[in-house]
Amino acid sequence: MRLSGFWIGLLGLVVYAQCLTVPEQSYFLSDRYVDAKASGNNLILANSYGLIFRDLNDAQLPITHAEVVPGDLEQLEISEGFLFAMTPDSGVFIYRIQASGLPELISFLSVPGIQTFAVSGLHLYVGAGLLIERYDMDAPLDTPIAQYNLPYEIRKMVPFADGLVLHGKDGRLGFFPLQTPGANPLTAFEWEGDTFFYNVYPFQDGLLIDAPKGIVVASYDGRNFSLETQIHNQGVQIVLGMACDQERLFVRFSKLLVEYRLVNGTLREMARTPVVLSELRFPKMTVIEGDLVLLNQSPVQRSWSLAKYQSQGTNLTRQVFLPSLVDNVDGLAQIGDTLFVALDSVLRFGRIGSGDNAFASFQSLDLNNPILSLTASQDLIFVLIAQPLKDSSTLQVFQLDGGGLNLVFNRDFLGTLDQFHTQNNLLSFTQFFRDAEQDHFIAKAFSFELNPDQPTEHSLEYALPVGSANPLYDVNVDLSGFWFHDGISLYYAPFDGEAQRINVPGEGFEIKRLALQDEMVFLEHSSGLRLLRRQNTRLELLGEYPLWHQMTQTRNGLILARSKLNFAGGVFWVLDTQDDLLSPMLRLNGSKAPSYVGFLGDQLVSAEPTSVNLFQVECQTSQYHYLFPFNERYILEYNTHLSASDWVKFSIFNSANRLIGTQILDKETLGLVQEKKLRDIFLDFNALETPFRFTIDSTFPLQPLLSFQSKNEPPGYALRIPTLRGGSWFCPHVGAQAQGWNTRVLFTGDSPSSSMEASFLDEDLNEVNVPFTTGYGEERQVQQVFGKEVRYFTFQPKNLTDSVAGFVVFERDRQQGQAGVNLFQRPSEFFVVPHLVGDPVWWTGLVLTNPNPNPVRVRLLGYDSEGRTSVDRNIDIDAHDRFVGILEEYLQVYAQGLDVQWITVVSEAPIFGLGLIGHYFDASLAGFELTTENQNQLIFSGVAENELRWVRLVVVNREARDGDMVFSAYDAFGNLLAQKALTLGRRQKVYFSPESLFDLSPLELRQITTIQVDSVTDVTGLLLRGENNSRQIDAISIVD
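Numbered by the numbering used here, the letters in the sequence shown go through residues 132 to 1171 in order.
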């Protein structure tokens, strides 16, 4: 099934809008938990779905919140108001626990190969391979504060004293001092001849060690450990598990649970209760607020999920015993508006309702053995059932009839079945079994179309020596045969013939995954996805896409993949191949790749091994269109304050103006490319093509900034990219070459090249038109265009339907300073110069250009720090002339001791204006457009501050009344970090850094990417920023 066909049929809006999925609710959450912690009134449990919050104040521990987390969570820790959750080999998710008790994700620390971590105060220690890294929560998490090499791989570490107690994968135990690790090597534990230990826990001033001979108490005097076995393994009294807090130790024996307390250095029994081994099995043990909590992790079917014991006198009393409701979601299928869900051994089906009662009316069919898989085709439901006592699997086929199910097919298959799919009205799967002589690998395909109880069967079998590698990976079927691979080569086997090797165009590679969708073939290899079209057995290479990996195919035929932009995982994209271009169509969030994705009305439903999820589909049309030149060194920054239904779409074109890729980002993914170079952002295009230009469409004001680096980086310059518009453009100023200035202009447009016409005035004020052709993104010296020096010029495309824009770059002293300013379209009678530098080594330049055939008088009104008029000066500008000057000198700010904070420019006729900021001695330079619009909201993008870059913001209240304002700081993912309310006096200016305005930690300050100002009065804004170790400075006007 191709996505585009049914997608357009269901939601015609997709033609005009981009649609996003917004999680609505999850059902049938798995209650198989791996770790537990408490915070306030919440019991926080970890499993393969994510974080499950239960109410500790209620004896039944009802679920109050569920937070999906990608991957398989294995470990939780809480410290200093932060919750840490680890997925092995991936990294650590860091949440801030809010006042409500619910988590707010603030960061993901990617640590490939991570196996364990520990937290002590604000110190985070992560262990991967033979390395421990330390991070501090009050510092940026970009790089570790310290690294320590280890002699062996570890499974657990315990912060203790001034170091870490390390428990190795091989059972070794040692103390690793952190203050001077080079001078103090690992101190290994050995006790009563044993160097292998099962576990270790911090306990009061020492340690508790689960050792082969029993439980050992390890005391520490600041220099040395002294060990003593206090609970001995003897007879049937063998320690099978333990857990402790700082006061209590709980020990699991084969028939007892016992609580101990440490009294005068000796463990004494305080309470006990008998247990049944077959019921309790071997659960995970942890202590929550003084009570013992057991988590059932039995690999077989479980009758219970969680138990809680509490001391009452000398008895341990079981207070909570939660039955296991759902272990796994084994499949989801759909026939019309009837939904089928496989839960452990039960098949549930019906029409979905709403809210918490969505599945209340579903019927249940108990199949008595675990369901392995579920899929559907037309009016048939295919259920694969395990038969653990027979070493076989059963395929049952049901027909939906009047709301009920009729069994029409039942057959047992020896061994195990896998790769369960329906494609092209065929059911396919693989079978494996071993006899005394051989391993049997079989691909099966059944057609139930003509006669459901007697289907047409096709088989492909490999009988190989015992222990052979599987030759049947990713079996797909079409109407005539099997497609599969062996990890190296691609094969096709017709239903009535032998398998043949298929030639794959392009360089050779190992195959990771194969999927078929109509005539399209998807092959994943180590460098990405390869898209091919098949005609019979001949393949045509359409594209290479390095962005996509971990491809899967749902049981109903959709292609899913993960993006390499999102290292944390949990984001899966449904891919489509419209117009032979691989494009993302829908994003799904989850802990695992879903096995099924389908629509129920305007909702989307998906199934993962740990849940069934409903999503609302929300569509918005694009409101803003931006066009950029492509240069892999350009750095992109933008507004990150957006809603859950907002989106940004990047479209990449080659030099022939052909679309070669699209990339969709939303609230959860847009922050991943903030402050990235374009070469690290635009990965989702056909790598067989070369990107030439790109456009951005967005549903909200993106306020994109591009930072340009010169060939001798730095210095460079930054520009606010306006929305693309047609019409004429005006360059109000060209620097004089005789005074060391060089002026360049760069054109952008929606075509690879444009026929342009530029105009300027000669010495006799006659208009001279110069035709020229410019390539998209081409940079031209102004003098090369006109053949002579000019003061200002206009240009427009000859084809008035073309959209063209551009910017001008002023450069002085041989690229020692550069300033970029957008070209202008509309003159104005009113401007604001929002900032005068106010430093004797810096200057503020002003250019006012009169394009009119008559002279104009321009009035400059300057305001001091109290909002009072401190300067009132007139400037007369001749027809077709300009004023160019340094304001501090022209107004005699320093000579007369004037306080001039900002200036209003009022003209008799519409003129153009721009500002410059420069340094007298080191040639630092920045340029900005003068603001004309009235606005009550300012969006400052590009405000991320770090050790290399400083940031200052200017806000001017232009009105003659006080203005109440709210300043809001957002991180890269649109989360509100802080708000500050201020009242700015009439005609006053505020000049501040994010650090001076918001009461945030250094880590939180580093996370600010956008600051929004909402005011009751008209305001003007200017962003200033610079590099601490270079001459680069940026000045960016804040306009819509």
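We put the beta carbon where it would ideally sit given N, CA and C, even for glycine. Here the structure is a predicted model, which is why all the values come from computation and not from measurement.
Check	Outcome
Can you give the Cα-Cα distance for K842 and I419, rounded to whole angstroms?	Note that K842 has pLDDT 46, beneath the 50 cutoff, so the model's placement of it is unreliable and no number is given.
Could you compute how far the alpha carbon of L207 sits from the alpha carbon of T830?	38 Å
Rounded to whole angstroms, what is the Cα-Cα separation between P282 and F356?	20 Å
Keeping to the same chain, check which residues put their C-beta closer than 7 Å to that of V406; ignore five residues upstream and five downstream.	K386, L387, L388
Hey, S1038 and E960: beta-carbon distance below 7 Å or not?	yes
Between the beta-carbon of W912 and the beta-carbon of G729, is there less than 7 Å?	Residue 912 is actually Gln in this sequence, not Trp. Against a cut-off of 7 Å, the Cβ pair of G729 and Q912 comes out as no contact.
When DSSP labels each residue in this structure, what does A249 get in the three-state scheme?	strand
For the candidate residues K798, S786, R810, P863, whose alpha-carbon lies nearest to that of L833?	K798
May I ask which residues mark the beginning and end of the beta strand (DSSP E) holding Q550?	547-554
With three or more C-beta pairs closer than 8 Å as the rule, is the segment 1095-1105 touching the segment 769-776?	yes
Compute the distance between the beta-carbons of R383 and G372, then report whether it is under 7 Å.	yes
Return helix, strand or coil for R1203, following the three-state DSSP convention.	Residue 1203 is absent from the structure shown; the chain starts at 132 and stops at 1171.
Count the other CB atoms, across all protein chains shown, that sit within 10 Å of the CB of N276; report buried if there are 16 or more and exposed otherwise.	The question names Asn, but residue 276 is Ile in the sequence shown. The residue is exposed, with fewer than 16 neighbouring Cβ atoms inside 10 Å.
Leaving out five residues on either side along the sequence, give the residues of the same chain with a beta carbon under 6 Å from the beta carbon of Q550.	F560, T561, V606
With a threshold of 6 Å on Cβ separation, who are the neighbours of G1116 within its own chain once the five nearest residues in sequence on each side are excluded?	G998, D1093
Is it the case that the Cβ atoms of F862 and Y765 are separated by a distance below 7 Å?	Reading off the sequence, residue 862 comes out as Cys, not Phe. No, the pair does not count as a contact, with Cβ atoms beyond the cut-off.
To the nearest angstrom, how far is the alpha carbon of I512 from that of E400?	57 Å
Does DSSP put R433 in a helix, in a strand, or in coil?	coil
Got a sec? Which residues, its chain only, sit under 6 Å from L156 by beta carbon, not counting five neighbours each side?	In the sequence on display, residue 156 carries Gln and not Leu. Result list for Q156: L745, in chain order.
Taking the alpha-carbon positions, what's the A724 to G688 distance?	13 Å
With a threshold of 6 Å on Cβ separation, who are the neighbours of N537 within its own chain once the five nearest residues in sequence on each side are excluded?	Q530
Look at the alpha carbon of T1172 and the alpha carbon of V939, and state the distance between them as a whole number of angstroms.	Nothing can be reported for residue 1172, as the shown portion of the chain is limited to 132 through 1171.
How would you call E568, buried or exposed, if buried means at least 16 neighbouring beta carbons within 10 angstroms?	exposed
Report the rounded CA-to-CA distance for Y279 versus F327, giving the unit in angstroms.	23 Å
Looking only at C-alpha atoms, which of T1140, Q914, A936 sits nearest to H756?	A936
In angstroms, rounded to a whole number, what distance separates the CA positions of I791 and E1019?	51 Å
Whose C-beta lies closer than 8 Å to the C-beta of Q554 among residues of the same chain, with five residues either side of it excluded?	N607, V608, D609, L647, G688
Count the other C-beta atoms from every protein chain shown that fall within 10 angstroms of the C-beta of Q310, then say buried if there are 16 or more, exposed otherwise.	exposed
May I ask you to report which of helix, strand or coil DSSP gives Y765?	coil
Rounded to whole angstroms, what's the CA-CA distance from L425 to T404? Just pull it up for me.	14 Å
In the DSSP assignment, the beta strand (DSSP E) including P308 goes from what residue to what residue?	304-308
DSSP three-state label for E198, please.	strand
Taking contact to mean 3 or more Cβ pairs, one atom from each stretch, closer than 8 Å, check whether the segment 1110-1128 and the segment 1059-1070 are in contact.	no
Taking DSSP as the reference, what is the three-state secondary structure of D422?	strand
Reducing DSSP to helix, strand and coil, say where L1153 ends up.	strand
Determine whether the beta carbon atoms of A167 and L176 lie at a separation below 7 Å.	yes
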